[in-house]
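In terms of the UniProt record's numbering, the sequence shown opens at residue 1 and continues consecutively.
Just so it is clear, CB atoms sit at the ideal spot from N, CA and C, and this is done for glycine as well.
Have a look at the structure below, then the notes.
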Amino acid sequence: MTTMPVPSHPAQPARRRDRRGRGPRGPLLPAGLPAFRTRAQRFDDLVLEAVGRLEKRWGRELDGTEFAVEDVPPSNPAPWERGGVPLGRYFPADAGLPARVVVYRRPVETRALDEADLEDLVRDVVVEQVAHLLGRSPDEVDPGYHDGA
C-alpha cells in the first residue's frame with residue numbers, strides 16, 4: 001500500500017475563465033437559493049404592488065375582486081377589443097363568480113423598455129382595468145396615472 005504525499009499548501013479553487021472578455025457566465029444567483037426570483041415571480045410582485053396601492057384608496061369598492069396574472073391572452077379577443085394584443089382584461093362579476101382583473105405578462109414585458117418602464121406599465125394596466133371595473137376615469141382612480149409616480 002502506497003500513501004500519497006500531502007501538499008504543504010491547501011489547494012486553491014479553480015479559476016473560472018473569462019472567455020472573450022464577456023464577463024462571468026451563468027446566473028449570478030443559482031436557482032436553488034432563496035433570493036432567486038424568476039421573471040414571472042418578479043412580475044407577480046409588481047402586480048401585487050400596484051393592486052396594494054389601489055386597495056389603500058379603493059378598498060371597499062375592490063372587495064371581492066380577484067386579480068390574476070396570465071402569461072398570454074386567449075387567442076379569441078373580446079368583442080369590444082379592437083386590434084392589437086390586450087395587456088389586461090376586466091371580467092365583470094357573473095353567475096356567482098367575482099369580478100376579475102387579469103394582467104397578461106408576456107405582452108406587457110414585450111412593450112416595456114426597461115425595468116422602470118415595466119413597473120410603470122404594470123401600474124398603468126392595473127389602473128386602467130380597475131377604472132373600467134369602477135366606471136371611472138384612470139386619472140380619478142389613480143392621480144399618478146401616466147406620470148411615472
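{"Query": "First through last residue of the beta strand (DSSP E) which encompasses G88", "Result": "G88 to F91"}
{"Query": "Nearest-angstrom Cα separation, counted from R20 out to A99", "Result": "54 Å"}
{"Query": "Residue from G83, L97, T110 and V102 whose Cα sits closest to the Cα of R89", "Result": "V102"}
{"Query": "Meets three-Cβ-pair contact criterion under 8 Å: the stretch 129-149 and the stretch 48-67", "Result": "yes"}
{"Query": "Bridge partner(s) assigned by DSSP for L133", "Result": "Looking at the DSSP assignment, L133 forms no beta bridge with any residue, so it has no partner."}
{"Query": "Span of the alpha helix (DSSP H) around V101", "Result": "Looking at the DSSP string, V101 is not in any alpha helix (DSSP H); the run it does join, the beta strand (DSSP E), is R100 to Y104."}
{"Query": "Buried or exposed (CB count within 10 angstroms, at least 16 for buried), Q41", "Result": "exposed"}
{"Query": "Assigned exposure category for A95 - 16 Cβ within 10 Å defines buried", "Result": "exposed"}
{"Query": "Those residues which DSSP pairs with A68 across a bridge", "Result": "V102"}
{"Query": "Integer Cβ distance of E119 from F43, believed to fall under 8 Å", "Result": "About 10 Å separates the two Cβ atoms, so there is no contact after all."}
{"Query": "Residue closest to V85, alpha-carbon to alpha-carbon, out of S75, A93 and P92", "Result": "S75"}
{"Query": "Cβ-based neighbour list, residue 154, same chain, cut-off 6 Å, excluding 5 preceding and 5 following", "Result": "The first residue shown for the chain is 1 and the last is 149, placing residue 154 beyond what the model contains."}
{"Query": "Beta-carbon proximity check, R111 vs A50, cutoff 8 Å", "Result": "no"}
{"Query": "Close Cβ partners of F67 (< 6 Å) along its chain, the five nearest in sequence each way excluded", "Result": "V51 and V101"}
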